[in-house]
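In my numbering, the protein residues as written are 17 to 176. Where a beta carbon is used, it is the ideal one built from N, C-alpha and C, also for glycine.
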Amino acid sequence: MIRILFLDPRSELIPRLAKEEGQQDRQMLSDIGVSLDVCERLFHLLQNKPASPRAQLHIRVYDEVPHFAYHRDNDQVIVGFSFATALGSASAAFEVIDVQSQRFFEERFTSIFERASQGRILEVSPHGPHAHFNAALVNDLRKSIGRPWHPSRDQRRPCP
17 MIRILFLDPR SELIPRLAKE EGQQDRQMLS DIGVSLDVCE RLFHLLQNKP
67 ASPRAQLHIR VYDEVPHFAY HRDNDQVIVG FSFATALGSA SAAFEVIDVQ
117 SQRFFEERFT SIFERASQGR ILEVSPHGPH AHFNAALVND LRKSIGRPWH
167 PSRDQRRPCP
């Protein structure tokens, strides 16, 4: 199962987080716009291929302070923390070794993920044969960053 969260571009946190990372608001919003583009291209790729019965992909937006970035691959857990001296993508990441700490980060991520249920962008689930893309939400998110969705342009965008 793959679960991805990224910050809602409508969030009032954007100016604060951009300032803490030494970015302009526009750059942070542009990065989120790129994430939306990737979600849409991924949906178009998945739309034409049947998903594996075990496939699970859940991409959502959230509106909470991101205390850490969480990455899990089987039993390996990596967490990253944003520091004022580096952009989030350039901040240090640490492997979490002990099971109790792994459980702490998993539970925190899961709680944020569950609260983000209204922000579902793309879902592939074993409970349905096709990917679900929330075009209305994505259009609203794009409008908030000044990049509205245009069906004639965006549906024809080539997938990598």
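Which of the three DSSP states, helix, strand or coil, is assigned to residue i?
i	result
residue 170	Since pLDDT at residue 170 reaches only 46, below the 50 mark, its modelled position is unreliable, and the value read off the structure follows with that caveat. If DSSP states are grouped into helix, strand and coil, residue 170 belongs with the helices.
residue 52	helix
residue 161	coil
residue 143	coil
residue 138	strand
residue 133	helix
residue 122	helix
Tell me, please, which residues DSSP counts as bridged to residue i.
i	result
residue 111	94
residue 21	76
residue 148	139
residue 87	94
Among the residues of its own chain, which have a CB less than 8 Å from the CB of residue i, if the five just before and after it don't count?
i	result
residue 111	92, 93, 94
residue 154	52, 55, 56, 137, 165
In chain order, what residues of the same chain have a beta carbon less than 7 Å from the beta carbon of residue i, not counting five sequence neighbours either side?
i	result
residue 175	Legend: pLDDT at residue 175 = 34, less than 50; position of this residue unreliable, no value from coordinates given.
residue 44	30, 33, 34
residue 75	20, 55, 137, 138
residue 141	72
Are residue i and residue j close, meaning C-beta to C-beta below 8 Å?
i	j	result
residue 158	residue 52	yes
residue 38	residue 77	no
residue 40	residue 146	no
residue 23	residue 82	yes
residue 27	residue 79	yes
residue 121	residue 84	yes
Here's a check: name, in chain order, each residue in its chain whose Cβ is nearer than 6 Å to the Cβ of residue i, leaving out the five neighbours to either side.
i	result
residue 131	none
residue 109	94, 96
Tell me, to the nearest whole angstrom, how far the beta carbon of residue i is from that of residue j; I am working on the premise that it is less than 8 Å.
i	j	result
residue 161	residue 48	6 Å
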